[in-house]
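There are 2 protein chains.
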Amino acid sequence: MEHDASAARQRLLDAALRLFAARGYEGATTREICEAAGANLSAIRYYFGDKAGLYRATFCEPLGEPTDPARLADMASLTLRPALVAFFREFLLPLKHSEAVQLVMKLHFREMIEPTGLWQDEIDAEIRPQHDWMVARLCAELGLDAPDADVQRLAVAVISMAVHYYVGRELIDLLAPDLLASPNAIDLLAERLAGYAVSMIEGERLRRTGEGDAH
Amino acid sequence: MEHDASAARQRLLDAALRLFAARGYEGATTREICEAAGANLSAIRYYFGDKAGLYRATFCEPLGEPTDPARLADMASLTLRPALVAFFREFLLPLKHSEAVQLVMKLHFREMIEPTGLWQDEIDAEIRPQHDWMVARLCAELGLDAPDADVQRLAVAVISMAVHYYVGRELIDLLAPDLLASPNAIDLLAERLAGYAVSMIEGERLRRTGEGDAH
DNA sequence: GCAAAATTCAAACGTTCGTTTGATCGTGCA
DNA sequence: TGCACGATCAAACGAACGTTTGAATTTTGC
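Chains as they are written, first to last, in the working numbering: chain L, 1 to 215; chain H, 216 to 430.
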């Protein structure tokens, strides 16, 4: 039966995403998921083999593209501020999307604290390229041939400002609920983060030249 | 029997801290904890009532002082950069301490993603005071009577740089292992983060005056 | 040295979990 | 109509979990 693409399968994926994100892999029970999906217990075995298969599908399926590497390449041709605005827009984009994508992101950050094995793939496919891009860009901006510890610190600091809006989303909604209230607010946030990054980079450039003089 | 303060109780706390941090509250089993502690299953009931009681003790006990509020008050008398250096030093201090404190911090950040109820207390006792202090300091620095969204964004950005070294510690050890390698490295990190923050604040001041001119 | 309390122990209890089973229903095709 | 297959269903299985029990063992106070 493929004419309907099996509605139950999709309902299972939706319910599983919601519950895995809310309670974690261990915390979400198969009975709970099936009940939320209006499906029978055996449906998990039928469509996904077992709970782990359902989790894997939930984790991987809703993600269309793994942060198109071309996007990062495109940013290379921009000057610093527009490149950073584009970077942060790209990074924060899922926050504007449907609830489902936010839940997938939450699943991904869950992997940071409780790795199920998919975390390593995530690092290789998404995080390291982004980090490397940022490091390379900072080296170019600061006129360095190779990254040193200060560049690494700066890269981590710049990216961490954006990461925080995923990891600490609930906290931010509590402390400053306006910051992610609308797509416009998220665009503005990307602009501000880019501004912060520009300031940090400029400050680092000054620190380096000043230090060069001092020594 | 209080002369020994019961070695088994302490061994349980140590093992529980390690396992709760590694596998989460649900993931760590009482049998596993007792085996690691060299204690009998019933020891949990005997000393802590049940698993939740053990978790609560593990969560709260190793923390001596809840970020002494006096420390925050002290920073008020400092100029911007020294105040920020002091803030980040205070914030990153646990990273220099023993492994146990790091594990407690990991437990605390676990609460962010998987709240067990202690998370709300954590917000009230630790996080909100720090956030409010930072917002107030930024308002003073920017000459504002009341915080607006831009100040909130800036405060979140400044604090997030430091938070990231807890939440994403494993990732940082992978991408840039030097940054947390020694107590000296952590002191240097606090200085650099303070420098970043100063740059961001200065940039924000310029943006605000420029924006005021433009309108 | 002895009774009482503190602590430890092996064994089992009841529950919940993920999984499996075998039957049943509905639809498409000969 | 009858068969085959996709899909669903109620019911149960075995394992692992947190918890409880009641007795054994060790330590304390006198």
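Quick reminder that beta carbons are idealized off the backbone N, C-alpha and C, glycines included.
Here the structure is a predicted model, which means the values were calculated and not measured.
- Look at the beta carbons and you see the stretch 19-28 of chain L touching the stretch 231-241 of chain H: at least three pairs across the two are nearer than 8 Å.
- For G239 of chain H, the enclosing alpha helix (DSSP H) begins and ends at 222-242.
- Only R407, L408, G410, Y411, A412, V413, S414, M415, I416, E417, G418, E419, L421, R422 from the stretch 405-426 of chain H bring a Cβ to less than 9 Å from some Cβ of chain L.
- A straight-line Cα-Cα distance of about 29 Å links S375 of chain H and T58 of chain L.
- At a cut-off of 8 Å between C-beta atoms, G143 of chain L does not count as an interface residue with respect to chain H.
- Just measuring C-alpha positions, the residue of H:R368, H:H323, H:D347, H:L390 sitting nearest P147 of chain L is H:L390.
- Contact between I172 of chain L and V371 of chain H holds: their C-beta atoms lie close to 6 Å from each other, under 8 Å.
- For a cut-off of 8 Å, the C-beta gap from E247 of chain H to L256 of chain H is around 11 Å, too long to register as a contact.
- For E202 of chain L, the closest alpha carbon among the candidates L:E141, L:E122, L:Y166 is that of L:E141.
- Using a CB distance cut-off of 8 Å, R89 of chain L does not count as an interface residue toward chain H.
- Under the Cβ criterion of 8 Å, H164 of chain L is counted among the residues facing chain H.
- If you draw a 10 Å sphere on the C-beta of P94 of chain L, you find 16 or more other C-beta atoms in it, and that means buried.
- Inclusion of A405 of chain H and R296 of chain H in the CB contact set at 8 Å is not warranted, their separation being larger than that value.
- With fewer than 16 other Cβ atoms inside 10 Å of its own Cβ, G53 of chain L counts as exposed.
- Taken atom to atom, the span from the alpha-carbon of Y380 of chain H to that of R208 of chain L is near 23 Å.
- The alpha-carbon separation between E250 of chain H and V316 of chain H amounts to approximately 22 Å.
- In chain H, no part has a C-beta under 7 Å from the C-beta of R56 of chain L; the shortest such distance is about 18 Å.
- Taking each of L:C139, L:V163, L:Q120 in turn and checking the Cα distance to A76 of chain L, the smallest one comes out for L:C139.
- For the C-beta of M376 of chain H, the chain L residues within less than 7 Å are, from N- to C-terminus, A157, S160, M161.
- The beta carbon of E99 of chain L does not come within 8 Å of any beta carbon belonging to chain H, so the residue lies off that interface.
- In terms of beta-carbon proximity, F274 of chain H stays away from the interface with chain L, with every pair separated by 8 Å or more.
- In the three-state reduction of the DSSP assignment, P82 of chain L falls in the helix class.
- Within its own chain, the residues whose Cβ lies closer than 7 Å to the Cβ of V300 of chain H, once the five positions on either side in sequence are excluded, are A405, E406, A409, listed in chain order.
- In the displayed model, N255 of chain H falls within coil according to three-state DSSP, outside both helix and strand.
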